[in-house]
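S.K.: Residue numbers (this note's numbering): 2 to 386.
Below you will find the structure I want to go over with you.
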């Protein structure tokens, strides 16, 4: 790379990283707050909370990268036009295509990053996120062994412990089991401990009593015990063979699903949709890049308006975004739309190349142009008057 290439690449690269970091950080915070119960009700540490919620960052980066690239390239070209840097480069004999070489390299790198993320990294992060959430919610010890707190483990099932020592022994245990409306059982024990066995997870209660009563009756039965095993297995939510959704599958699993795969048998179109979403993503990254450079890459003097050119990209960006989402969603039920998923970004890229070469210039409809001219003249007259 020449010094000019490094300068342009560094300017756009820093803008891309900064934009992506800000957008991803803002959305990550809002998403992380939804999982705040990991700490407040599941008894997990702040480090576990940050680790689990950070597993959603690769998916955020993947979703925001095309928009961040567009904003970064548009900002870089707009600033360089405002500072007359593109004009000076053009006057020095540097063509527009040559000036855009570092930006093209950046766009290709971002497209490659998105490909790597979508093929393996994001599905792996989503699988790990699901595993961690399942593990946390199945951690009965951390869930119920919170001293001084009444914890609802299931509808009608309330736990409370007075204390928990460093060896894991619980003291002052209270359990109210009202899952059966015809018989309510209250368990009181001096101490207890949770143990895992081959038959399940049990809370071993020691030196306590069970109070059983029927709603509407004053009498209750009291059974004292020295040792009692309370079964916690129904409340553990773990699964040895989880069924992963299509976004959580690797690309190889999407291409070659097992014949008896329950997710594939239920909705095979979802697998087709996910395959073409990942394959077409690099093209959409390059299409967003093409819109930005087609609108702002040409040298303009300080007397020429650039804000209108930047504003004119909005309809193209919005249309491309809507078409990408719409077509991908429709592929699930209509495989005949698959070619259009790739044709739309290819047409946008081709149009951008033609625009830069001067063979094609998108122009504003004449009626809209006349309307804007009339409005501008009216504003000028009102200002003068």
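C-beta atoms are modelled at their ideal positions from N, C-alpha and C, and glycine is treated no differently.
From a predicted model like this one, the values you see are computed outputs, not experimental measurements.
Tell me, please, which residues DSSP counts as bridged to residue 26.
M.R.: Translated into positions along the chain shown, residue 26 becomes position 25. None; residue 26 has no bridge partner.
S.K.: When you compare only the Cα positions, how much space is there between residue 85 and residue 108?
M.R.: As a first step, residue 85 is located in the chain shown; it is residue number 84 there, counting from the start. As a first step, residue 108 is located in the chain shown; it is residue number 107 there, counting from the start. If I take the Cα positions, the gap works out to 23 Å.
S.K.: If you compare alpha carbons, which of 156, 229 and 136 is closest to residue 174?
M.R.: Reading the chain shown from its first residue, position 173 is the one you call residue 174. Looking at the Cα atoms, 229 is the closest of the given residues.
S.K.: Which two residues bound the contiguous beta strand (DSSP E) that contains residue 82?
M.R.: As a working note, residue 82 is residue 81 in the chain shown. Where residue 82 is concerned, there is no enclosing beta strand (DSSP E), although the alpha helix (DSSP H) it sits in stretches over 58–83.
S.K.: Would you mind sorting residue 163 into buried or exposed? The rule is 16 or more other CB atoms within 10 Å of its CB.
M.R.: Along the chain shown, read from residue 1 onward, the residue named residue 163 stands at position 162. With fewer than 16 Cβ atoms within 10 Å of its Cβ, residue 163 is classed as exposed.
S.K.: Any idea what DSSP makes of residue 320, helix, strand or coil?
M.R.: On the chain shown, residue 320 is found 319 positions in, with the first residue counted as 1. Helix, per DSSP.
S.K.: Just the C-alpha distance for residue 325 and residue 110, rounded to the nearest angstrom, thanks.
M.R.: What you label residue 325 is simply residue 324 of the chain shown in a count that begins at 1. What you label residue 110 is simply residue 109 of the chain shown in a count that begins at 1. So the alpha carbons of these two residues sit roughly 21 Å apart.
S.K.: Below 8 Å, can you find three or more Cβ-Cβ pairs linking the stretch 245–261 to the stretch 311–331?
M.R.: The stretch 245–261 is not in contact with the stretch 311–331.
S.K.: Anyone know if the C-beta pair for residue 321 and residue 339 falls short of 8 Å?
M.R.: Looking up residue 321 in the chain shown gives position 320. Looking up residue 339 in the chain shown gives position 338. Contact: no.
S.K.: CA-CA distance, residue 154 and residue 208?
M.R.: Counted from its first residue, the chain shown places residue 154 at position 153. Counted from its first residue, the chain shown places residue 208 at position 207. Answer to the nearest angstrom: the Cα atoms are 23 Å apart.
S.K.: Quick one: is residue 47 buried, meaning 16 or more other Cβ sit within 10 Å of its Cβ, or exposed?
M.R.: Start at 1 with the first residue of the chain shown, and residue 47 comes out as number 46. It counts as exposed.
S.K.: CA-CA distance, residue 126 and residue 56?
M.R.: One-based indexing of the chain shown puts residue 126 at position 125. One-based indexing of the chain shown puts residue 56 at position 55. The alpha-carbon atoms of residue 126 and residue 56 are separated by roughly 5 Å.
S.K.: Between residue 218 and residue 268, what straight-line distance do the alpha-carbon atoms span, to the nearest angstrom?
M.R.: Position 217 of the chain shown, counted from the first residue, corresponds to residue 218. Position 267 of the chain shown, counted from the first residue, corresponds to residue 268. The alpha-carbon atoms of residue 218 and residue 268 are separated by roughly 52 Å.
S.K.: Cα separation between residue 17 and residue 286?
M.R.: By one-based count along the chain shown, residue 17 stands at place 16. By one-based count along the chain shown, residue 286 stands at place 285. Their Cα atoms are separated by approximately 13 Å.
S.K.: Measure the alpha-carbon distance for residue 342 versus residue 277 and round it to whole angstroms.
M.R.: For this step, residue 342 is matched to residue 341 along the chain shown. For this step, residue 277 is matched to residue 276 along the chain shown. Their Cα atoms are separated by approximately 8 Å.
S.K.: Residue 48 lies in the alpha helix (DSSP H); which residues open and close that run?
M.R.: Taking the first residue of the chain shown as position 1, residue 48 is located at position 47. Residue 48 -> alpha helix (DSSP H) spans 47–55.
S.K.: Is it true that the CB of residue 357 sits closer than 8 Å to the CB of residue 288?
M.R.: Position 287 of the chain shown, counting from 1, holds the residue named residue 288. Position 356 of the chain shown, counting from 1, holds the residue named residue 357. No, these two residues do not count as a Cβ contact at 8 Å.
S.K.: How big is the Cα-Cα spacing for residue 20 and residue 347?
M.R.: As a working mapping, residue 20 is identified with position 19 in the chain shown. As a working mapping, residue 347 is identified with position 346 in the chain shown. Between residue 20 and residue 347, the C-alpha separation is close to 26 Å.
S.K.: So the candidates are 196, 200 and 186; which of them puts its Cα closest to the Cα of residue 211?
M.R.: Locating residue 211 in the chain shown gives position 210, where the first residue counts as 1. Comparing Cα-Cα distances from residue 211 to each of 196, 200 and 186, the minimum goes to 186.
S.K.: Report yes if the CB atom of residue 273 is closer than 8 Å to the CB atom of residue 336, and no otherwise.
M.R.: In the chain shown, counting from the first residue as 1, residue 273 sits at position 272. In the chain shown, counting from the first residue as 1, residue 336 sits at position 335. Cβ atoms of residue 273 and residue 336: closer than 8 Å.
S.K.: Are the CB atoms of residue 188 and residue 205 nearer to each other than 8 Å?
M.R.: Counted from its first residue, the chain shown places residue 188 at position 187. Counted from its first residue, the chain shown places residue 205 at position 204. Not a contact, by the Cβ cut-off of 8 Å.
S.K.: Specify, as a first and last residue, the run of the beta strand (DSSP E) that residue 233 falls within.
M.R.: To locate residue 233, count along the chain shown from 1; it is residue 232. That residue, residue 233, is in no beta strand (DSSP E); it is neither H nor E in DSSP.
S.K.: Once you ignore the five residues that flank residue 353 on each side, which residues in its own chain have a CB closer than 7 Å to its CB?
M.R.: For the purposes of this step, residue 353 is taken as residue 352 along the chain shown, with counting starting at 1. These residues qualify, in order along the chain: 291, 292, 294 and 295.
S.K.: Check whether the stretch 22–36 and the stretch 75–90 are in contact - that is, three or more C-beta pairs closer than 8 Å.
M.R.: At 8 Å Cβ cutoff, the stretches do not touch.
S.K.: When you compare only the Cα positions, how much space is there between residue 240 and residue 201?
M.R.: Translated into positions along the chain shown, residue 240 becomes position 239. Translated into positions along the chain shown, residue 201 becomes position 200. In this predicted model, residue 240 has a pLDDT of only 48, less than 50, meaning its place in the structure is not dependable; the value taken from the coordinates is given anyway. Straight-line Cα distance between these residues: approximately 13 Å.
S.K.: Can you give the beta carbon distance from residue 12 to residue 77, rounded, assuming they're within the 8 Å contact cut?
M.R.: Along the chain shown, one-based indexing puts residue 12 at 11. Along the chain shown, one-based indexing puts residue 77 at 76. 5 Å between Cβ atoms; contact.
S.K.: What is the DSSP secondary structure of residue 249, counted as helix, strand or coil?
M.R.: Taking the chain shown and counting its residues from 1, the one referred to as residue 249 is at position 248. Helix.
S.K.: Distance, Cα to Cα, residue 87 vs residue 299?
M.R.: Along the chain shown, one-based indexing puts residue 87 at 86. Along the chain shown, one-based indexing puts residue 299 at 298. Computed Cα separation, rounded: 8 Å.
S.K.: Determine whether the beta carbon atoms of residue 166 and residue 150 lie at a separation below 8 Å.
M.R.: Taking the chain shown and counting its residues from 1, one reaches residue 166 at position 165. Taking the chain shown and counting its residues from 1, one reaches residue 150 at position 149. The answer is no: Cβ separation not under 8 Å.
S.K.: Is the separation between the beta-carbon of residue 61 and that of residue 25 shorter than 8 Å?
M.R.: Here residue 61 corresponds to residue number 60 of the chain shown, with the count starting at 1. Here residue 25 corresponds to residue number 24 of the chain shown, with the count starting at 1. Yes, Cβ-Cβ distance for residue 61 and residue 25 is below 8 Å.
S.K.: Under three-state DSSP, which class holds residue 191?
M.R.: Locating residue 191 in the chain shown gives position 190, counting from the first residue. Residue 191 falls in the strand class under three-state DSSP.
S.K.: May I ask you to report which of helix, strand or coil DSSP gives residue 155?
M.R.: Within the chain shown, residue 155 is the residue found at index 154, counting from 1. Three-state DSSP puts residue 155 in a strand.
S.K.: Would you mind stating whether residue 248 and residue 275 have Cβ atoms separated by less than 8 Å?
M.R.: Against the chain shown, residue 248 aligns to sequence position 247. Against the chain shown, residue 275 aligns to sequence position 274. Going by C-beta atoms, residue 248 is nearer than 8 Å to residue 275.
S.K.: Whose C-alpha, out of 355, 195 and 333, is nearest the C-alpha of residue 234?
M.R.: Position 233 of the chain shown, counted from the start, is the residue given in the question as residue 234. The residue with the shortest Cα to Cα distance from residue 234 is 195.
S.K.: Please work out which residues of its chain come closer than 8 Å, Cβ to Cβ, to residue 7, disregarding the five sequence neighbours upstream and downstream, and give them in chain order.
M.R.: For the purposes of this step, residue 7 is identified with residue 6 of the chain shown, where counting begins at 1. Cβ within range, chain order: 103.
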